[in-house]
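Chains as they are written, first to last, in our numbering: chain A, 1 to 424; chain B, 425 to 848.
There are 2 protein chains.
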Amino acid sequence: MNLWKNYPEERLLQLRDECRAEYLEIKARGLSLDMSRGKPSPDVLDLSNGLLETLAPYTSEDGTDVRNYGVPTGLPECRRLFSELLGIPAEQIIVGNNASLELMYDFYSRLCLFGTLGGAPWGRQGRVKFLCPSPGYDRHFAISKEFGTEMIAVPMTEDGPDMDAVEALVRDDASVKGIWCVPLYSNPQGVVYSDETVRRLAEMKTKAEDFRIFWDNAYGLHHVFEEHRVANILELAAAAGNADRVYYFFSTSKVTFPGGGVGMAAASPANIAEQQKRISIRTIGSDKLNQLRFVRHFKTADAVRRHMRAIGDLLRPKFEIVLDTLDAELGGTGLATWLRPKGGYFVGIDTAEGCAKAVVALAKEAGATLTGAGATFPGGVDPKDTSIRIAPTYPDADELRAAMRLLCLCIKLVSADKLLDGRD
Amino acid sequence: MNLWKNYPEERLLQLRDECRAEYLEIKARGLSLDMSRGKPSPDVLDLSNGLLETLAPYTSEDGTDVRNYGVPTGLPECRRLFSELLGIPAEQIIVGNNASLELMYDFYSRLCLFGTLGGAPWGRQGRVKFLCPSPGYDRHFAISKEFGTEMIAVPMTEDGPDMDAVEALVRDDASVKGIWCVPLYSNPQGVVYSDETVRRLAEMKTKAEDFRIFWDNAYGLHHVFEEHRVANILELAAAAGNADRVYYFFSTSKVTFPGGGVGMAAASPANIAEQQKRISIRTIGSDKLNQLRFVRHFKTADAVRRHMRAIGDLLRPKFEIVLDTLDAELGGTGLATWLRPKGGYFVGIDTAEGCAKAVVALAKEAGATLTGAGATFPGGVDPKDTSIRIAPTYPDADELRAAMRLLCLCIKLVSADKLLDGRD
């Protein structure tokens with residue numbers, strides 16, 4: 001061919017007419033070709049199928065090839081399964097990668113960077129404060145610390161956070177921006193938030209319009225004794241006109257494999273629309289193969305619930321060892337108090353004031369590592385030095401028995417010293 | 425038992441002595457029990473093994489049970505495999521989840537929130553600018569836009585970004601904080617950065633001490649014709665005393681499953697130490713099962729390279745259709761120019777000025793969706809309106825032939841109009 005710009009006008013007109021005719025002919029065929037995004041074709045994907053041997057066919061219920069790019073909010077069947085398990089509309093759920101902690105961090109980060117629903121970024125609002133029911137989950141508090149948030153410890157009761165304290169703190173101070181909650185089988189005490197607590201959290205007046213409850217329902221299905229269900233805070237908040245207040249998190253880390261399961265977040269339609277938009281800048285989609293693997297393995301919500309009962313059966317004897325040893329060794333001594341969790345991962349023990357750190361150190365010296373004393377308080381400081389967290393899920397029964405006997409012994413030793421000191 | 429505080433001193437002393445004796449006896453046994461973190465035991469994990477049928481045994485080479493929490497920087501064998509494939513020391517690699525785009529976003533986000541290596545957060549340094557070699561990858565530019573960074577387009581040459589322009593921009597302006605690079609088979613033109621370009625990027629003087637090169641080597645193994653390898657920028661930067669300048673990203677999205685593979689980041693030891701600390705606040709660990717699945721499937725770097733040659737064999741005919749059609753339809757016409765990429769995912773075409781948008785619209789009308797004109801420029805605006813991106817990886821050969829003929833036809837039509845207009 002030749003340089004078109006050197007053609008005489010007549011020749012150009014002729015060429016254009018020929019092109020136009022051919023174009024109209026093609027257009028009339030009604031093609032649908034997409035070359036807009038770089039994504040591999042199925043035959044290329046087939047070369048890696050060995051990775052997925054048991055997963056075929058690789059299509060989700062809506063025909064999506066889950067081995068390829070896309071679906072930033074997660075596979076429909078996975079959203080629906082979570083919906084059934086947790087009682088949240090599927091369209092209010094975003095499915096992520098392997099850990100809900102990452103989603104919590106990202107939601108928190110975006111509040112600091114961008115603000116929410118038209119509000120100023122938290123990072124531009126001066127000093128920002130967050131309520132930390134304590135004892136609580138150290139990794140929650142580490143996120144607040146990382147972002148420079150001032151943490152305010154709120155006492156825990158047997159019904160959840162002390163709601164009189166919470167309501168007083170949020171009512172008049174616009175810099176109080178949110179609260180960390182583990183509403184079912186709280187870490188570390190195993191507290192179940194009462195319906196009244198959940199209702200008050202959903203309904204309370206907050207000075208900050210961009211107040212957010214980080215609702216980490218990590219143990220939402222992790223029953224050990226009786227099966228509790230916490231009140232539906234998304235519904236309660238919406239009914240109270242506070243639909244946008246709640247960020248709800250869950251993952252299958254306590255269902256299948258910790259850090260190898262499927263994390264999810266749920267929130268009001270407005271919150272979800274905002275997050276979807278922001279998330280689409282960060283990723284083309286989470287790992288859909290992992291989502292499909294989860295759905296294919298369990299198939300139904302009932303199957304997940306049966307599986308959780310099997311986990312409960314394995315864990316019940318361990319919790320019984322912990323509680324029985326505490327009863328036998330410390331019952332009636334006045335040296336410690338504890339709740340009897342109905343599920344979750346932990347048993348929380350309170351010693352007399354000023355003893356926890358010494359007990360943990362003494363146990364460590366004899367070969368038993370416990371969670372660092374104070375770790376369950378904001379900044380790692382337990383002001384009364386009473387709180388000890390027991391994680392009985394990993395050790396086998398004999399190890400656990402040995403460790404619990406040792407722990408009780410250490411509590412007695414430290415307490416005896418303390419009592420004798422007091423009499424000097 | 426009874427309340428200890430009511431005991432007489434003598435009884436307390438006796439109790440303490442008994443406890444002490446028992447404690448010393450236990451201590452002498454040299455136990456090693458860990459109840460510090462809540463993690464499930466292997467028998468609980470076994471209940472979900474169906475998810476992993478082909479993956480057993482579930483232990484990494486150092487004995488870690490990959491079904492459980494931990495290993496925030498990734499499995500050692502996975503870091504080593506990436507190390508061999510890319511020529512980067514394993515200890516300078518962090519393995520993440522399913523997408524390197526997420527890692528890029530997170531690294532960028534942390535620069536804005538926290539700064540790096542003692543520097544102020546970018547979000548507190550006023551107006552911050554980023555260099556965007558254009559045409560480039562729209563999702564890179566979308567990240568810069570999301571964080572409010574001012575984007576400066578830098579022309580692309582056949583050897584990479586115009587380095588005279590880059591050096592002039594970074595030399596005196598401390599607000600120029602970084603540059604996006606796809607060094608091998610660049611998106612969309614398929615440019616291979618020359619050794620000289622990489623050397624200049626590694627060595628150039630930047631006014632900003634916290635200048636960062638986001639080195640997205642997405643197509644690092646994705647050869648279609650000849651096998652190119654881009655110069656090792658981490659080594660060159662370190663040799664030039666700029667070790668901390670480079671954030672290197674790669675994923676297996678172009679090796680196995682897009683968005684279902686394994687992403688990774690690499691950087692200097694100081695950068696990696698900083699990122700590890702920050703990442704540990706966000707997650708207990710990425711999906712190690714996915715990492716292990718990748719390593720078990722391929723086993724060796726050579727096997728990955730063989731697999732990439734098989735992908736190349738599937739893609740070569742497609743790239744040939746694109747290039748042959750361009751040659752046949754537009755060769756010698758002066759209506760368009762293009763490079764002949766040796767790998768990657770795209771072919772970039774430049775029309776005459778002011779034609780690209782009209783060509784894409786016309787093709788769309790006839791049923792062929794191309795990447796939106798301008799999408800490969802910062803802010804979505806191609807100042808000369810010449811750049812068109814072809815993504816030939818997905819369609820089959822017949823579709824591709826039809827689409828390419830249509831595209832060439834549209835270029836001719838729009839060009840003829842333009843040439844005729846110019847003569848009015």
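We put the CB at the ideal spot given by N, CA and C, even for glycine.
Listed along the chain, the chain B residues whose CB falls inside 8 Å of the CB of Leu184(A) amount to none; the nearest CB is some 14 Å away.
Taking the C-beta atoms as reference points, Gly263(A) is found nearer than 8 Å to Ala99(A). Here Tyr561(B) carries a coil assignment [DSSP, helix/strand/coil].
For Phe250(A), the enclosing beta strand (DSSP E) stretches over residues Val246 to Ser251. Using a C-beta cut-off of 8 Å, the stretch 585-602 of chain B makes contact with the stretch 547-565 of chain B, since at least three inter-stretch Cβ pairs fall below that distance. Contact between the stretch 649-669 of chain B and the stretch 622-633 of chain B is present, with at least three C-beta pairs closer than 8 Å.
Under the three-state reduction of DSSP, Lys553(B) is assigned to strand. Scanning chain B for C-beta atoms nearer than 7 Å to the C-beta of Leu406(A) yields Ile450, reported in chain order. Selection Val728(B), Met580(B) and Leu469(B) evaluated against Tyr493(B) yields Leu469(B) as nearest (Cα-Cα).
By the CB criterion at 8 Å, Cys779(B) and Lys842(B) fall inside the cutoff. Bounds of any beta strand (DSSP E) do not take in Asp164(A); it lies within the alpha helix (DSSP H) bounded by Met163 to Arg171. In this chain, Leu794(B) is not harboured by any alpha helix (DSSP H); it is covered by the beta strand (DSSP E) spanning Ala792 to Leu794. Take the alpha-carbon of Ala142(A) and the one of Ile708(B): they are about 12 Å apart. If you ignore the 5 residues before and after Lys631(B), its C-beta comes within less than 8 Å of the C-beta of Val594, Arg595, Asp596, Asp597, Ala598 and Val600, all in its own chain and listed in chain order. For the pair Tyr137(A) and Pro188(A), the Cα-to-Cα distance works out to about 7 Å.
Excluding its 5 nearest sequence neighbours in each direction, Leu330(A) has C-beta neighbours in its own chain below 7 Å: Ala336, Cys408 and Ile411, listed in chain order. Looking only at Gly379(A), Ala270(A) and Ala368(A), the smallest Cα-Cα distance to Pro392(A) is reached by Ala368(A). Excluding residues up to 5 positions away in sequence, Cys779, Ala782 and Val783 lie with their Cβ nearer than 6 Å to the Cβ of Val838(B) in the same chain. With respect to the 8 Å criterion, Leu505(B) and Val771(B) are not classified as neighbours on the basis of their beta carbons. Secondary structure of Lys601(B) (DSSP, three-state): strand. Gln516(B) is positioned such that its CB atom lies closer than 8 Å to that of Pro693(B). For Phe638(B), the uninterrupted beta strand (DSSP E) segment begins and ends at Arg636 to Asp640. Annotated three-state conformation of Thr59(A) is strand, per DSSP. The Cβ atoms of Asn290(A) and Phe249(A) do not sit closer than 8 Å to each other. Per DSSP, Glu91(A) lies in no beta strand (DSSP E) segment and is marked neither H nor E. When CB distances to chain A are screened at a threshold of 7 Å, the residues of the stretch 534-549 of chain B falling below it are Cys536, Leu537 and Gly547, in chain order. DSSP, reduced to helix, strand and coil, places Val347(A) within a strand of the structure shown. For the stretch 724-755 of chain B, the beta-carbon criterion of a distance under 9 Å to any beta-carbon of chain A is satisfied by His731, Ala734, Ile735, Leu738, Leu739, Lys742, Ala752, Glu753, Leu754 and Gly755. The beta-carbon of Gly560(B) is placed no less than 8 Å from the nearest beta-carbon of chain A. Against chain A, the CB of Ser675(B) has no partner CB under 8 Å away; the residue lies outside that interface.
Pro579(B) and Ile281(A) have their C-alpha atoms spaced approximately 24 Å apart. Considering only Val192(A), Ala153(A), Gly190(A) and Ser194(A), the residue with the shortest C-alpha distance to Trp180(A) is Ala153(A). Pairing Asp809(B) with Ala797(B) gives a Cβ-Cβ distance under 8 Å.
Within chain B, the residues Ile735, Leu738, Leu739 and Thr817 have their CB atoms less than 8 Å from the CB of Val44(A), given in chain order.
The distance from the Cβ of Arg423(A) to that of Glu433(B) is about 6 Å, consistent with a contact at the 8 Å cut-off. Against chain A, a Cβ distance below 7 Å from Ala790(B) picks out Tyr23, Ile26, Lys27 and Leu31.
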